[in-house]
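Quick note: the sequence shown, position 207, residue 231 per the numbering used here, numbers continuous. Glycine residues also receive a C-beta, built at the ideal position from the N, C-alpha and C atoms. Before any comments, here is the structure.
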Amino acid sequence: MDRFNEEQEVESLRQQVHTLKMDEQKKSEMRTNLIKHAQKKRDRNKLQKWIILGGTIAAVALFSVISFTMFIDNDQLEQATKIEEESEVTASEIVETIEVEGENGDYRVRGVPPEDVESFEYAVMVDGENIANAGDDVYNMTHEMEGSYSFTLNLSVEESLLPNEGELLFSVKKDDTEASVVLEEFEQLEDVEGTLSVEEVSVDPTTILIEGMEEDTEVTTYDLQPYDITYQMDQFLSHVEVGDDSVTHHNNNDEYRVEVTISVIEDQALNETQQMMEEQHNISESPIDLSQFETAFEGYHQSVDIGEGYFILEINSDVLMIEYSYSIEAGDGIWPRLELLINSINQ
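Next comes the structure, spelled out in structure tokens:
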């Protein structure tokens with residue numbers, strides 16, 4: 025049909041000598057990477073980073089030291105020495121003064137230790153093990169009043185070090201005592217990928233226009249969960265395979281394979297998805313918008329290779345991705361069926 029530039033597409037197919045098909049496993053890996061990227065990015069509103077805390081999990085907790093320079097005269101020094109001799113401040117007393125702000129790996133830790141505290145050691149820990157050490161330059165000490173000092177730590181923990189569940193702790197060590205305050209508690213997220221399913225809603229007769237001639241066919245309406253997305257697929261692609269993160273419709277013909285794979289990239293912008301796809305497929309040509317289709321959703325169509333391409337549609341805060349591939353011999357009539365699919369998408 026004109027809106028698909030089908031004649032130009034067919035002519036392009038005839039002129040090509042080599043067909044470079046993307047390996048299905050590689051396509052699946054790309055799709056998975058997109059989904060993982062969107063998941064990691066979710067709700068990550070980063071604060072300004074003063075330092076990136078790196079390192080691997082160590083068997084023994086190592087601590088860094090915050091040192092406080094006391095600007096006091098000789099009389100105050102003698103008084104502080106007497107206090108230290110009479111009573112030692114514990115880690116718990118320091119922790120009691122600490123306040124924590126932030127989430128998702130970025131935290132601001134503030135505190136006002138007892139005035140006779142000149143230094144203490146600290147680390148960021150998970151399940152009793154140290155995951156990151158900090159240098160002396162990570163803190164900003166401010167003289168609040170005579171004999172009293174506050175500290176502010178701006179910590180940014182690498183995303184790969186954050187736990188899937190459990191507590192991330194700011195641990196303080198003072199002499200032989202230890203205590204901690206919770207930076208953030210993480211809960212295991214629901215495995216959306218594991219709940220992906222598709223159900224048949226109805227089968228209805230219809231007609232499609234192939235090379236200017238009407239052809240009777242049947243379409244099946246499917247319901248994609250947990251996203252409440254419905255769409256229609258021609259009976260030509262009636263075989264369905266449900267994977268962990270995608271649904272594939274195909275013609276069950278290994279020799280002349282035609283397939284359409286549907287997946288959802290959660291919490292990701294349309295243009296960001298397009299940019300990532302261009303990088304993964306080394307695409308230099310600009311995508312085509314979906315103004316030619318009868319759909320209310322914004323999106324793009326992009327050809328990747330001969331008989332291969334994808335559609336992406338923005339549905340609320342998610343992106344619906346439809347990847348298609350077909351052999352040249354089985355390509356007749358694929359565009360009207362793709363038009364039917366795109367026009368039928370609803371939520």
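Secondary structure note for Ile352: it is in no alpha helix (DSSP H), with a DSSP letter that is neither H nor E. Considering only Ile253, Glu224, Tyr251, the residue with the shortest C-alpha distance to Val243 is Glu224. The beta carbon of Arg132 sits closer than 8 Å to those of Leu71, Val124, Glu125, Gly126, Thr176, Leu177, Asn178, Leu179, all from its chain and outside the five residues before and after it, given in chain order.
DSSP places Pro229 within a strand segment (E or B) once states are collapsed to three. Judged by DSSP secondary structure, Ile339 falls within the beta strand (DSSP E) whose first and last residues are 332-339. Taking 8 Å as the upper bound for CB-CB distance, Leu220 and Leu207 are not in contact here, some 33 Å apart. According to DSSP, Asp258 shares a beta bridge with Val243. Beta-bridge pairing by DSSP links Thr201 to Lys198. In terms of Cβ geometry, Val196 and Val113 do not form a close pair [threshold 8 Å]. For Val282, the enclosing beta strand (DSSP E) covers residues 282-289. Between Thr254 and Ser270, the C-beta gap is not smaller than 8 Å, which leaves the two residues out of contact.
Judged by their CB atoms, Val328 and Ile346 are not nearer to each other than the 8 Å cut-off. Contact annotation: Tyr246 and Val266 have beta-carbon atoms that are not nearer than 8 Å.
Residue pairing by DSSP places Tyr251 opposite no residue, since no beta bridge is assigned to it. Residue pairing from DSSP leaves Asn275 without any beta-bridge partner. If you draw a straight line from the Cα of Arg361 to the Cα of Gly236, it comes to about 14 Å. Between Thr231 and the set Ala293, Phe260, Ser143, the nearest pair of CA atoms involves Phe260. Across the structure, Gln299 and Phe335 are spaced so that their CA atoms are roughly 13 Å apart. In the DSSP assignment, Glu123 falls outside any alpha helix (DSSP H) and lies within the beta strand (DSSP E) extending over 123-127. Taking all protein chains shown into account, Tyr348 has 16 or more neighbouring C-beta atoms within 10 Å of its C-beta and is therefore buried. For Asp342, the number of other beta carbons within 10 angstroms of its own is at least 16, and it is reported as buried.
When the beta-carbon positions are compared, Gln256 and Leu365 come within less than 8 Å of each other. The residue among Pro138, Pro250, Leu185 with its C-alpha nearest the C-alpha of Gly129 is Leu185.
Out of Leu248, Ala293, Ser143, Leu294, the CA that lies nearest to the CA of His273 is found in Leu248.
DSSP places Ser308 in the coil class of the three-state scheme, outside both helix and strand. With respect to the 8 Å criterion, Ala147 and Thr201 are not classified as neighbours on the basis of their beta carbons.
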